[in-house]
Each structure stands twice: as structure tokens, then as C-alpha cells.
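Okay, structure first, notes after.
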Amino acid sequence: MKKQSLIKGSLVLACAGILAKFLGLFFRWPLIMLIGDEGLGYYQMTYPLYMLFVAIAAGIPIAVSKLVSEKNALGKYEESFQVIKEALKVMVLLGIGTSIFLAVGGKFLLPFLKWDDKAYYSILGICLAPTLIGIITPIRGFFQGFQNMTPTAISQILEQIGRVIFGVGLAYILIDKGIEYSAGGASFGAVAGAFVAALYLIPKYRKIKNSFKLGKIKGSHKIFMEIINIALPISIGAAVGSVMGVIDSVLVPQKLLQAGFTGQEATVLYAQLTGKATVFTNIPMTLATALAASIIPIISELYILKDKVQVKQKIDTTMKLCMIVSIPCFLGLFFMAEPIMNLLFPGKADGFMILKYLSISVPFLVGTQITTSILQGMGYYYRPVFHLFIGCILKVLLTMNLIPIRSLNIYGAVIATIISYSVVLILNLLYMAKRFKYAPNIKDVIIKPIFASILMIGTVLYLYTQALKYSGSNSISCLIAVFVGIIIYMISLFVLKIFSVEEIKGRLRN
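Quick note on my numbering: the sequence shown kicks off at 300 and runs consecutively.
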């Protein structure tokens, strides 16, 4: 199987991830038109439960990716297949157990989490997803371990297509029964999407397995323990963030009630934060996820081969990519929040101010994910988890104390997110400096991308204003301004020599 370089692998996953995110926006647009912010609130309340399972399971594919990469570097291909076999055992059992828990215990969760009873149908809709996620995530990790990101990328697109078609279709079919049933149908989209991805990945994996002609793969307790030792701290770290999502689904509406809002108003504000604003800030996180998936097996292989020069080079490239995406995304979302929200949710752009201020968190969110992955790729599993735990405690405390202030309300959650992730990023960078004397090149990683981003956003704002004056159309003006802004930014990257043509060619090869 042909390996892909860091940039090439990241580009494959990033393009797939961005396409998947846009498909996700096409999922939310008709969904919001059908069920409104209130129905979206029911959908969003249960979504963190699904993401909690995905987070708990997140350590397994990363462990698979890391171990497969290391085994391949040493020529131990049979052990690579033992890794995926043991990982599938763990994930399928965990997935089935979670599905049963959600199906049987859904009604008991509602009063415990203080959710509206109408959210029950969304729990039922999503309950089968963990079982299917338990199958597809280890297989994705296996391909990533071979440093081939294409199967993962294709499966992500197929998963999102299935989610959009079935989720929106069921939401439309069930709307006459009530928005709670429609929200439940939308939740089932996650199940359908995972099933479609599995239909693609399983035959692909079998084909690769048969090409090695290894015969029957035996189980290995030693490899099982290796997987658990790597996956456990990673899963804990990922779960900490997702537990925050679950806590927010309880805490934010409750604290909004405490601030004097009605139950319906609290649900709507929560939906605007998690169902609208967060959707946009998650788009740059797509690149972070792609970089993280690419960097872990590459760094693991180089680290085990003791190639310190290449390790530092890969970290430099990753940090640079991280900032040249997150900084312009922050400025673009901050200054163009209302036009962008109106572009995708015509007539339902409420919550654009939430997006405006939440965009400040983007560089910190992306930086946290990248530095966490770098540390874990080099074998420092528990330290970034500890930093995330500190950040989450800080976020809870800030959320509890800021949201009840009437003048801040939902913006208290935004402030909490910005502060908590900035603290985690600083702690990660300090630990990287301490452990392996790494410090980012401030000029290339921060100053140059900021300057290029300022040129870009200045162009975007001017073009948007002029185009709106002549066309009177927000959509046309927004698309023209953003398109030209991207071109200006790409030119600026080369003019400022953030990346040279020769450097990109070299990185694509290695």
C-alpha cells in the first residue's frame, strides 16, 4: 500500500473533511427550515451523547494508527493485522453495550440530565450509531497506520452523504407527527451514515488483508494490552471534551433559566450556540483533525526510528499549517459573521453575534488539538490529558458563573470556551518546550499568517460592501468576496514566503 506524505495525507483528509462539513451544513439548513431552532435544540441535546461515545472510542483508532505504523516500520506486518483484530473486539463490544444502554435507558436519562421529554425520540434515533461506529473507526485507524488517508477520506464523505439523505428525508417524513419526531428522524441520519461508510470500508479492508496472504490472524493479549495502554489516556482526553458537551447541554440551558430566560428561549439560545455557531467554527477543526490523523503515525514511525531531525521538521510543518488555516478562519468568521450566517440560513440568521465572538476560540481549539496529537504521537499520552482536564474544570467554573449574568447570558459559554482552550494550548506548548526543546517559529507560525490574514479580510470586507451596493444580494456579494479573499490570501502566503513552491514540492514527496 503506497504511503502518503504529511501534507498529501492531510490534504486528502482535509478536503474530505471540508466536503463532509459542507454536506453537514446542507443537512442543517433544511433541518432548521423544517423544525426551527426549538427542534434543533432537541436534536442538539442528544448529539453530545453520540459524540461522547465517539470520543471514548477515539483512542482506539489512534492507537491502531500508531501501532500499525510502528509494526510496519519494523516489518512486522502480521502484528499489524493482530492490532486491528484486537481493536475490533474492543470496539464492537463497547458499541453494542452503548447502543443497548441508550435504547433501554433513554427514558431514564431525560430526568437525570434535566432534558425536555421531547428529546427522547432523538435518543432512540441515534442509539444504533455506536455499534456501527465501533466497526468503522478501527478500520480507519488501520489505513491511517499504513499512512494512506484515502479510504478514511472516502468513507467520511460517504458517511455524511448517508446522514444527509436519510436524516433530512426522515425529518421531512415525520414533521407532521411533531418536531420531536422529526428531530428523532434527523438523529437516525448518524446511523444511516455510519452504515454506508461500513459498506465501503469492510470490503476495502478485506482486500488489503488478502493481499498480504498471512492466513488466519491469531489473537494477541500482548497487543491487546498495548492498544489499551495507548488508547486509554487518549480516550480519557477526548472524553473530557465530550463530557463538557454533555455538561453544557445540561448546564447552559439551566443557567440561562437562572438568568431569567424562559425554557423555550433557553433551548433556542443553546441551539444557536451549538447548532449554528459551532458548526462554522468546526470547519477549521476539520484541518486540525486531518493533520492530527496524519501526524500521529508519521511521528510515531520517525520517533521509533530515532530520526529527530525529521520529527522536528514534521512538527514545524504541522504548526505552520495549523496557524495559516485557523487565523484567517477566525478573522473571516469574526468580521463576516452576519453575511455568512445569512448566506447559509436565509431569514434565520439569529445567533450571528454568537458566531462572531466564538470565532476567537478557533486558533486555540485548532492549536490544542494539534499539540495534543504531537505529544501523543511521541508517547506522551497522559500529560495533554491532564491539561485538557484542567481546561475543562476551568470551563465548567466559568460557565456556571458567567451565564447567570443577564448581560452576558449565552456569551458566558463563549468566554469560557475561549479562556479554557487558550490555557490548554499554553500548557501544551510549555510542556513541548520542556520535554524536547521545541518552540514554534513566531515569525513564520504567527506573525506572517496574521499579516496575510489582515490583507485578506481587508479585501473581503471592501469587496463585500461594494458588491452588496451594486447587486443588493447578500449571497452573491458574500461568495464573490470570500472567493477573491482566498486567492489574495494564497498569493500572500507565497509573497511573504510562509511556504515556498520548492518547500511544498518537498513536503508533498515526504
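Heads up, the beta-carbon is just placed ideally off N, CA and C, and yes, glycines get one too.
Point to revise | Collapsed DSSP secondary structure at residue 645 in the structure displayed | key: Three-state DSSP puts residue 645 in coil, outside helix and strand.
Point to revise | At least 3 beta-carbon pairs within less than 8 Å: the segment 565–573 vs the segment 717–732 | key: At 8 Å Cβ cutoff, the stretches do not touch.
Review point. Using the beta-carbon count (16 or more within 10 Å), is residue 411 buried or exposed?
Key: Residue environment for residue 411: exposed (fewer than 16 other C-beta atoms within 10 angstroms of its C-beta).
Exercise for review: For the alpha helix (DSSP H) holding residue 685, just list the boundary residues, first then last.
Suggested key: Start and end: 681–701.
Practice item. Could you check if residue 671 is buried or exposed, using at least 16 other CB atoms within 10 Å of its CB as the buried criterion? Key: Classification for residue 671: buried.
Check your understanding: Thinking C-alpha only, which one of 756, 774 and 764 is nearest residue 784?
Key -> Minimum Cα distance to residue 784 is reached at 756.
Exercise for review: For the alpha helix (DSSP H) containing residue 737, list its first residue and its last residue.
Suggested key: Run containing residue 737: none; DSSP gives neither H nor E here.
Point to revise | Limits of the alpha helix (DSSP H) - the one that residue 859 falls within | key: Only positions 300 to 809 of the chain appear in the structure, and residue 859 is not among them; the question remains open.
Check your understanding: Mapping DSSP to helix, strand and coil, what is residue 345?
Key -> Of the three classes helix, strand and coil, the one that applies to residue 345 here is helix, per DSSP.
Exercise for review: Kindly indicate which three-state DSSP category residue 807 falls into: helix, strand or coil?
Suggested key: Low local confidence applies: a pLDDT of 47 at residue 807 is under 50, so the model's placement there is unreliable, with the coordinate-based value given in what follows. Helix at residue 807.
Check your understanding: What residues in its chain sit with their C-beta under 8 Å from that of residue 555, if we drop five residues either side in the sequence?
Key -> Excluding positions up to five away in sequence, the list reads 564, 565, 568, 569, 702, 708 and 709.
Review point. Around the Cβ of residue 791, are there at least 16 other Cβ atoms within 10 angstroms (buried) or fewer (exposed)?
Key: Buried, by the Cβ-count rule.
Point to revise | Close Cβ partners of residue 587 (< 7 Å) along its chain, the five nearest in sequence each way excluded | key: Here the set comprises 621, 665, 668 and 669.
Practice item. Decide if residue 624 is buried, meaning its Cβ has at least 16 other Cβ atoms within 10 Å, or exposed. Key: Within 10 angstroms of the beta-carbon of residue 624 lie 16 or more other beta-carbons, which makes it buried.
Practice item. Report back the beta-carbon spacing between residue 763 and residue 645 to the nearest angstrom; my notes put them in contact at under 8 Å. Key: In this structure, residue 763 and residue 645 do not form a Cβ contact; the two beta carbons are roughly 16 Å apart against a cut-off of 8 Å.
Point to revise | Local conformation of residue 415 per DSSP, three classes | key: Note: residue 415 maps to coil in three-state DSSP.
Check your understanding: In the structure shown, what three-state DSSP assignment does residue 576 receive?
Key -> DSSP places residue 576 in helix when its eight states are reduced to three.
Exercise for review: Kindly indicate which three-state DSSP category residue 519 falls into: helix, strand or coil?
Suggested key: In the three-state reduction of the DSSP assignment, residue 519 falls in the coil class, being assigned neither a helical nor a strand state.
Exercise for review: Specify, as a first and last residue, the run of the alpha helix (DSSP H) that residue 509 falls within.
Suggested key: Note, residue 509: alpha helix (DSSP H), 478–511.
Review point. Considering only C-alpha positions, which residue in the set 458, 362 and 433 is nearest to residue 393?
Key: Measuring from the Cα of residue 393, the nearest candidate turns out to be 433.
Exercise for review: Quick one: give me the first and last residue of the alpha helix (DSSP H) that residue 470 is part of.
Suggested key: 449–473 is the span of the alpha helix (DSSP H), which, as asked, contains residue 470.
**Study point:** Helix, strand or coil at residue 422 [DSSP, three-state]
**Key:** Under the three-state reduction of DSSP, residue 422 is assigned to helix.
Point to revise | residue 443 beta carbon less than 9 Å from that of residue 323 | key: Against a cut-off of 9 Å, the Cβ pair of residue 443 and residue 323 comes out as no contact.
Exercise for review: Assuming residue 730 contacts residue 614 (C-beta within less than 8 Å), just tell me the rounded distance between them.
Suggested key: With 8 Å as the limit, residue 730 and residue 614 do not qualify as a contact, their Cβ atoms being about 13 Å apart.
Review point. Among 408, 391 and 355, which one has its Cα closest to the Cα of residue 549?
Key: Nearest option by C-alpha distance: 408.
**Study point:** Burial state of residue 457, where buried means 16 or more other Cβ atoms lie within 10 Å
**Key:** Taking all protein chains shown into account, residue 457 has 16 or more neighbouring C-beta atoms within 10 Å of its C-beta and is therefore buried.
Practice item. Report all residues from its chain with a CB closer than 7 Å to the CB of residue 437; omit the five preceding and five following residues, and keep chain order. Key: Cβ neighbours of residue 437 beyond the five flanking positions: 359, 360, 363, 383, 386, 387 and 390.
Check your understanding: When the Cα atoms are used, what is the spatial distance from residue 788 to residue 780?
Key -> Those two C-alpha atoms are separated by around 12 Å.
Review point. Going straight from the alpha carbon of residue 445 to that of residue 367, what length do you get?
Key: Distance between the alpha carbons of residue 445 and residue 367: 7 Å.
Exercise for review: With a threshold of 16 other CB atoms inside 10 Å of the CB of residue 786, please say whether the residue is buried or exposed.
Suggested key: When all chains shown are included, residue 786 counts as exposed.
Check your understanding: What are the start and end residues of the alpha helix (DSSP H) that includes residue 614?
Key -> Following the DSSP letters along the chain, one finds residue 614 inside the alpha helix (DSSP H) bounded by residues 607–634.
**Study point:** Contact belief for residue 326 with residue 467 at Cβ below 8 Å, rounded distance in angstroms
**Key:** Correct: roughly 6 Å between the Cβ atoms.
Practice item. Compute the Euclidean distance between the alpha carbons of residue 584 and residue 661, then round it to the nearest angstrom. Key: When rounded, the distance between both Cα atoms is 8 Å.
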